[in-house]
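Residue numbers (the numbering used here): 63 to 564. First comes the structure, then the notes that go with it.
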């Protein structure tokens, strides 16, 4: 794959900075079992404690601590709990429909079905992005909406208050699972959701001004119209992967789907599809801390891929075969279900049935068997845990100036003086002919580039210093669709979407 020295250095920084505060906690336990548990991670290990808690988790788990590691909130897709474990003020009634109601005692069965991120440039607000299933037979339980809810941690005497709830960002037929990645400016967030067929990606941008739908990219991946799971960004933010599959005549038709990601433009490129079809179901996905290795699991095995090679499929290695261990006794078998890269740099695996043990990959930055899979290595001391893992993006991914974006945040403190291009496009939509108005940095020339949904440059021109207006005529050969217009000058960058309809 195409990598630069800058990205390699960034990757090393990510591995070092992964263990901080926001991603310290993993809540264990499901159903009516009295005892539940909590794992608190640091950069080298973890501490497991048994606790009694109202909230139960099946497969959906969002939680977040503050920058100092103080636990703030959690959600199982049905409601939001505060740090005390009680219902947060206005925190009930998430994802309102009959499907959610039927899972109210357990939590939703959606892998990576929600996630929580801090509001950019605001230490008091957080955003929960969330989804649920449905009972429409035409869509095989797919999600129909992507929601967000806003939490103000100053409410209810510091325990938090939901001040906006169940706001729909867009509606479509969506697979189960959400992913998130820091924007290359080090401040904003990209949020992604997969189409229910696993062959397209919806992108949403969160910045200090609010939440906006960014666009949709479709890719030549197999259209299984079934399950696409655990959409995951690499810790360095340059890679993205998920699995997609469907049961058919004794087979689990199953694919690993990989793409490169541009954190500045939000564009995915270089799609890679690897067929891993056999008779066994698989869901879990996780990248190694150094972003080089991609791990994918089926119920009975763990696979490793080297994403820094030109042929990712050919790099596949089986690094573990499930040993059939029961926890504590039949029928509670410790298969491989979902994966989680924790703050201590290890990857943990849950089981689909509620069990009392967790697997781990001890040294995931190593190739092949050297990654050291340790099956049922973590005992939960009698706590039964189902499949849920926290959906924690890399909260500490910094800015990346190699992508051409201005750096808006350093060590958590916003920088001012970012150039405002006052960039506008009119008319929009248009037939390929339109006008751009802009303001370049003083005494600096600029450049306009237009990208299609694959990230290919389809039009470019120089912008003379002091110029403020240009008439653009895109080539007639370009098809109808959504394009990204990007102005760069003096290290600054701004992007606008333009819709071409002829």
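All residues carry an ideal CB built from backbone N, CA and C; glycine is no exception.
Tell me which residue opens and which closes the alpha helix (DSSP H) that residue 368 is part of. In the DSSP assignment, residue 368 falls outside any alpha helix (DSSP H) and lies within the beta strand (DSSP E) extending over 363-368.
Supposed contact pair residue 397 and residue 416 - C-beta distance, whole angstroms, cut 8 Å: With 8 Å as the limit, residue 416 and residue 397 do not qualify as a contact, their Cβ atoms being about 12 Å apart.
Measure the Cβ-Cβ separation of residue 298 and residue 350 and say whether it is below 8 Å. no
List the endpoints of the continuous beta strand (DSSP E) containing residue 108. In this chain, the beta strand (DSSP E) harbouring residue 108 covers 108-114.
Report yes or no: do the stretch 361-381 and the stretch 440-456 share at least 3 C-beta pairs separated by less than 8 Å? Taking 8 Å as the limit for Cβ pairs, the verdict is that the stretch 440-456 does not touch the stretch 361-381.
What is the DSSP secondary structure of residue 92, reduced to helix, strand or coil? Reduced to three states, the DSSP call for residue 92 is coil.
Helix, strand or coil, according to DSSP, for residue 84 in the structure here? coil
Closer than 8 Å by C-beta to residue 164: which residues in its own chain qualify, once you throw out the five before and the five after it? Chain order, please. So the list is empty, once near-sequence residues are dropped.
Just to confirm, is the Cβ distance from residue 423 to residue 412 under 8 Å? no
With a CB to CB cut of under 6 Å and the five nearest residues on each side skipped, what residues in its chain are close to residue 227? Excluding residues within five positions, the ones whose Cβ falls inside 6 Å are 211.
Through-space distance from residue 508 to residue 215, alpha-carbon basis: 42 Å
With a 10 Å radius around its C-beta and 16 neighbouring C-beta atoms as the bar for buried, classify residue 232 as buried or exposed. exposed
Let's see if you can read the secondary structure: which residues bound the alpha helix (DSSP H) around residue 163? Note, residue 163: alpha helix (DSSP H), 160-164.
Can you name the residues that DSSP bridges to residue 301? 322
Report yes or no: do three or more beta-carbon pairs, one from the stretch 356-364 and one from the stretch 380-389, lie closer than 8 Å? yes
Residue 556 beta carbon less than 8 Å from that of residue 485: Cβ atoms of residue 485 and residue 556: closer than 8 Å.
May I ask which residues mark the beginning and end of the beta strand (DSSP E) holding residue 562? 554-562
I'd like the span of the beta strand (DSSP E) that includes residue 192, first residue to last. 187-192
Can you list the alpha helix (DSSP H) stretches of 4 or more residues lying completely in the stretch 517-554, in chain order? none
Inter-residue CB distance, residue 134 and residue 128 (contact presumed, cutoff 8 Å): 6 Å
Nearest to residue 464 (by Cα), restricted to the options 324, 487, 102: Of the candidates 324, 487, 102, the one whose C-alpha sits nearest the C-alpha of residue 464 is 324.
Looking at C-alpha atoms only, which residue of 152, 209, 460, 138 is the closest neighbour of residue 253? Residue 209 is the option with its Cα nearest to residue 253.
Every unbroken alpha helix (DSSP H) within the stretch 447-476, with a cutoff of 4 residues, ordered by chain: none
Contact defined as beta carbons within less than 8 Å: I believe residue 333 pairs with residue 283. What is the distance between those atoms, to the nearest angstrom? 7 Å
What's the C-alpha gap between residue 102 and residue 191? When rounded, the separation of the alpha-carbon atoms in residue 102 and residue 191 is 23 Å.
For residue 519, is the classification buried or exposed, using 16 other Cβ atoms within 10 angstroms of its Cβ as the cut-off for buried? exposed
Indicate the three-state DSSP secondary structure (helix, strand or coil) for residue 606 in the structure shown. This structure does not reach residue 606, given that the chain is present from 63 up to 564, and the question cannot be answered.
I need the straight-line Cα distance from residue 469 to residue 487, nearest angstrom please. 24 Å
For residue 109, count neighbouring Cβ atoms within 10 angstroms of its own Cβ and tell me buried if that reaches 16, exposed if not. exposed
Once you ignore the five residues that flank residue 178 on each side, which residues in its own chain have a CB closer than 6 Å to its CB? So the list reads 124, 126, 188, 190, once near-sequence residues are dropped.
Minimum C-alpha distance to residue 122 - residue among 112, 152, 241, 219: 241
Collapsed DSSP secondary structure at residue 220 in the structure displayed: helix
With three or more C-beta pairs closer than 8 Å as the rule, is the stretch 216-226 touching the stretch 144-159? yes
Report buried or exposed for residue 523, applying the criterion of at least 16 other Cβ atoms within 10 angstroms of its Cβ. exposed
Give me the Cβ distance between residue 262 and residue 306, rounded to the nearest whole Å; I'm assuming they're in contact under 8 Å. The C-beta distance from residue 262 to residue 306 rounds to 11 Å, too long to meet the 8 Å contact threshold.
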